[in-house]
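Colleague: Quick note: the sequence shown uses my numbering, first residue 133, plus one each step. Where a beta carbon is used, it is the ideal one built from N, C-alpha and C, also for glycine. Only a predicted model underlies this, so the values are computations on that prediction, with no experimental measurement involved. This structure is in structure tokens; I'll ask about it shortly.
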Amino acid sequence: MQDMAAKIPDVGLAKTLELLQQKAMARSRRRQLLHDYAIVEMPSAATDDIIAVLAVQTAHAIHEDWDADRNLVERVEQDPLRLVGGVELRRQLGEEISGLGLPCQDVSFLEQHGRIDYSLLHHRRVVFETSAGQLHSACGHGACRRCLSAHVEAALPGCLRQWALEVQCPAAGCGRRLPQRLVLSVSAAEKLAAVLDQAVVWPEEAQCPRCGAENSTIHVNRACGHSACAECWLADLEPKLQWSRANCTLDIPCCRLGCSQGCSEVLQRLSPAPLAPLDAVQSYVQEVQQHMKDFSAWCVHGGAPCTPGPECSKCGSMSLALLHCSCGVAACRQCWQRFVDEHLQWCRDNFAFFPDCLAFCCSPLHRAQVVDLLPTMTQDINTHETELKATLLRLSCAAPRGRVGPSCPICGEVRVALLCHKGHVRVALLCHKGHETHAACEQCWGRWAEEQLEQCVRCRQPPARCLWPDCCVDMIEAALWTEVQKSSQPLQQHLTRLARRKRLQRSPMYPAALQVDCPSPSCVGLGYLGFDTVMCFICERQWDAESGVTDKPPELLPAGSELQVAGLTVRRCPQCQEYIEKNGGCVLYMGIIDILQEYTTSKAMESRFKSLKYGLKRSFRKQSTISDFSTAVSSAPPDHYAKRFLDFMIERLCHAL
């Protein structure tokens, strides 16, 4: 050993011994000595010689104030200080080393093969070991692996009684807990931790660690590992619930004072007599979860479940969670909802699609980001755009527009689209700026049509003039009026009457020669010739076919009097004054004509019916009457009896022929 010591540089060894013996020296001074020693007194070559002499295979560092000096040595890019002085100090000082307070004094430093187990040499703040970081606690106190295992195994019975893996630091007067990573390095502690994590109730009745009640069933909170009896878990639930609502926490606090974990999972497993507090707690937890779900998947509470909620940087109020913008600004759900509602309301007022870029604070947000951050809030945006697209597809006469609704050149209001006449493009191009400029909103077109309505009734046609002055485009057949009629009730009624007039004109039984217009100046209807009296099918006005209009109201027959109408013996209904047969069902003359108009017979049947419609009155009445139906014609809707009635008429006509 003396030969080996002779090979050690005297300057380096002397400095090392001096460093270790200066216990009363100030910390800053010792740190400076280490720094000087690492740089000047002990170069890398000398360090390699010492390691070769002592046959040390792994490097061991001298650590004082673990986080400070080791980093200092590594920062100067020097080889770590070798544990040389510790061995030589033990050899030279002998029993005097006991005054240094080493906890492992019974361990030999020299092993059989001349190697040195430096992991068992400790001295308060100066620790000589390999992998010193694993055996150091958060407070900086260290222990060897053997002492650490013994200390943890001795503390496991107490952890089992408390049903929580909490091991105190072995240093006297420290009082801090060892890190779980350090505790779990012991196999026995790792097995106990697995049992504690999987179990929710202590395997046997024991004393409650909170109130001290004997022979109680102990329930364990998986979130934090704290345990207590059912009475302790149910104590002060209402004050805790009020505190949680006031401080916007995600859960009800644990029964352990100062614990920031929630206990709703434990309360769900309990089935005590008072159910009202538990229902209130469960309702609050579900409300919080629904709030977080409706808010965003990216919102954060900013702490443990039972810590007070964060404050919004926009409104300054406390909330359950905040959602961060791309620029770092965090806001609550109400502020984000207000932000989305403002843009949505603007889109609705301007008939616009949702903008591609939004400015929440100082940083713009793209629409994809808004949809990703706020999927629930953007559902109204998707609904608005779907309705807007459906409206634009319905307006076939709409002029091209952008993402924002255009302004009407007539009224100046922002509309969903401007309507223009699509036909007669060649003629319209001769107008001032082309037919594309002859566009206005639906309301303006409707008011313009109402102004022409009297002339349209006299001419029995839709509006013909364009809204723009000096425009010569004929708009009688324009599909524009069909889309405009929803904004004008008089125009809608006029177009409905014109549509019925066209249907009456297309009747195969009454060609144009047997059709006559209604003499009323405010009606666009017509009647059919062939009888002594003609009736308008729109206003139901009647007049004599030969002498003209009869303004006299029809004379009502006395009750029970019969009348010959269309070759049939009928009576007046005492309530509606319509013609009825004796079978008790109402058969309207106008209704029969309408039914016949809905079907097209062959040309042969049509010509035969026209030639025989005056000569078959008697034979038709003798053969059968409408009363031969098993069910009255008017007792069912037209779609039920129309086809049956037509078949009956054709059958009788064929039989008469």
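When you compare the CB positions of L373 and L328, do they come within less than 9 angstroms of one another, or not?
Modeller: Not closer than 9 angstroms, so no.
Colleague: Let's test the definition: count the other Cβ atoms within 10 Å of the Cβ of I608 and tell me whether it reaches 16, buried, or not, exposed.
Modeller: Classification for I608: exposed.
Colleague: Under three-state DSSP, which class holds Q501?
Modeller: Q501: helix per DSSP, three-state reduction.
Colleague: Rounded to whole angstroms, what's the CA-CA distance from A581 to T614? Just pull it up for me.
Modeller: A581 and T614: Cα-Cα distance of roughly 12 angstroms.
Colleague: Leaving out five residues before and five after H283 in sequence, what residues of the same chain have Cβ atoms less than 8 angstroms from its Cβ?
Modeller: If we look at H283 and ignore the five residues flanking it on each side, its Cβ neighbours are A275, V299 and P302.
Colleague: Quick one: measure Cβ to Cβ for D397 and R465, integer angstroms, because I've assumed they're closer than 8 angstroms.
Modeller: Reading the sequence as shown, one finds Glu at residue 397 and not Asp. Wrong, their Cβ atoms sit about 25 angstroms apart, outside the cutoff.
Colleague: Under the three-state reduction of DSSP, which class applies to S734: helix, strand or coil?
Modeller: In this prediction, S734 scores a pLDDT of 44, lower than 50, which makes its location untrustworthy; no coordinate-derived value is stated.
Colleague: DSSP puts D649 in a beta bridge; with which residues?
Modeller: Partner(s): L658.
Colleague: Report the residue ranges of all alpha helix (DSSP H) runs contained in full by the stretch 411-479; include only those spanning at least 4 residues, in chain order.
Modeller: Qualifying alpha helix (DSSP H) stretches: none in this window.
Colleague: Reducing DSSP to helix, strand and coil, say where T614 ends up.
Modeller: Here T614 sits in helix by DSSP.
Colleague: Check for me: the alpha helix (DSSP H) holding Q674 runs from which residue to which?
Modeller: Note, Q674: premise wrong, no alpha helix (DSSP H); beta strand (DSSP E) at Q674 to D676.
Colleague: Name the one or two DSSP bridge partners that A530 has.
Modeller: According to DSSP, A530 bridges with L551.
Colleague: Give the DSSP bridge partners of A571, in chain order.
Modeller: Partner(s): C552.
Colleague: Measure how close the beta-carbons of L402 and A362 come, nearest whole angstrom, since I'm counting them as under 8 angstroms.
Modeller: With a Cβ gap of about 5 angstroms, L402 and A362 count as contacting.
Colleague: Anyone know if the C-beta pair for L636 and L658 falls short of 9 angstroms?
Modeller: In contact: L636 and L658 (Cβ atoms closer than 9 angstroms).
Colleague: Could you tell me whether the stretch 538-556 touches the stretch 504-517, where touching means 3 or more Cβ pairs closer than 8 angstroms?
Modeller: No, the stretch 538-556 is not in contact with the stretch 504-517.
Colleague: For H273, which of helix, strand or coil comes out of DSSP?
Modeller: Correct three-state label for H273: coil.
Colleague: Would you kindly work out how many angstroms separate the C-alpha atoms of G544 and P538, rounded to a whole number?
Modeller: If you take the alpha carbons of G544 and P538, they lie about 9 angstroms apart.
Colleague: Could you check what DSSP says for T515 in three-state terms: helix, strand or coil?
Modeller: DSSP places T515 in helix when its eight states are reduced to three.
Colleague: Since T665 is in the beta strand (DSSP E), which residue starts that stretch and which ends it?
Modeller: Unbroken beta strand (DSSP E) run through T665: T665 to M667.
Colleague: Considering only DSSP beta bridges, list what P385 is partnered with.
Modeller: DSSP, once it has assigned bridges, lists G394 as partnering P385.
Colleague: If you count every other CB in all the chains shown that lies within 10 Å of the CB of L646, and 16 or more means buried, which is it?
Modeller: The residue is exposed, with fewer than 16 neighbouring Cβ atoms inside 10 Å.
Colleague: Which whole-angstrom value describes the C-beta separation of C431 and T381, a residue pair presumed to lie in contact below a C-beta threshold of 8 angstroms?
Modeller: 15 angstroms between Cβ atoms; not a contact.
Colleague: Please work out which residues of its chain come closer than 8 angstroms, Cβ to Cβ, to T523, disregarding the five sequence neighbours upstream and downstream, and give them in chain order.
Modeller: The residues are V548 and A549.
Colleague: Is Q637 helix, strand or coil by DSSP?
Modeller: If DSSP states are grouped into helix, strand and coil, Q637 belongs with the helices.
Colleague: Excluding the 5 residues preceding and the 5 following Q393 in the sequence, name in chain order all residues of the same chain whose CB lies nearer than 7 angstroms to its CB.
Modeller: N353, A355, C356, C386, A436, P437 and C438.
Colleague: Just to confirm my understanding: we take P442, look at its own chain, exclude 5 residues before and 5 after, and list those with CB closer than 6 angstroms. What are they?
Modeller: The answer, listed in chain order, is G434 and L454.
Colleague: Report the residue from V502, H456, G460 and C457 whose alpha carbon sits nearest the alpha carbon of L118.
Modeller: The structure shown does not extend to residue 118, since the chain spans only 133 to 789, so no value can be given for it.
Colleague: Within a Cβ cutoff of 7 angstroms, which residues of the same chain sit near S428, ignoring the five residues on either side of it in sequence?
Modeller: Once the five neighbours on either side are set aside, the close Cβ partners of S428 are L455, L505 and L506.
Colleague: Considering only their Cβ atoms, is the gap separating F471 from L520 smaller than 9 angstroms?
Modeller: Not a contact, by the Cβ cut-off of 9 angstroms.
Colleague: With a 10 Å radius around its C-beta and 16 neighbouring C-beta atoms as the bar for buried, classify P600 as buried or exposed.
Modeller: One point to set straight first is that residue 600 is Trp, not Pro, in the sequence displayed. The residue in question, W600, is buried, as its Cβ has 16 or more Cβ neighbours within 10 Å.
Colleague: I need the DSSP call for V589, collapsed to helix, strand or coil.
Modeller: Three-state result, V589: helix.
Colleague: What would DSSP say about V536, mapped onto helix, strand or coil?
Modeller: Three-state DSSP puts V536 in coil, outside helix and strand.
Colleague: Inspect the beta-carbon positions of H423 and L399 and report whether they are closer than 9 angstroms.
Modeller: Contact flag unset, no.
Colleague: Which residues mark the beginning and the end of the alpha helix (DSSP H) in which P595 is found?
Modeller: Looking at the DSSP string, P595 is not in any alpha helix (DSSP H), and its letter there is neither H nor E.
Colleague: How many Å lie between A631 and C457 at the Cα?
Modeller: One C-alpha to the other measures close to 58 angstroms.
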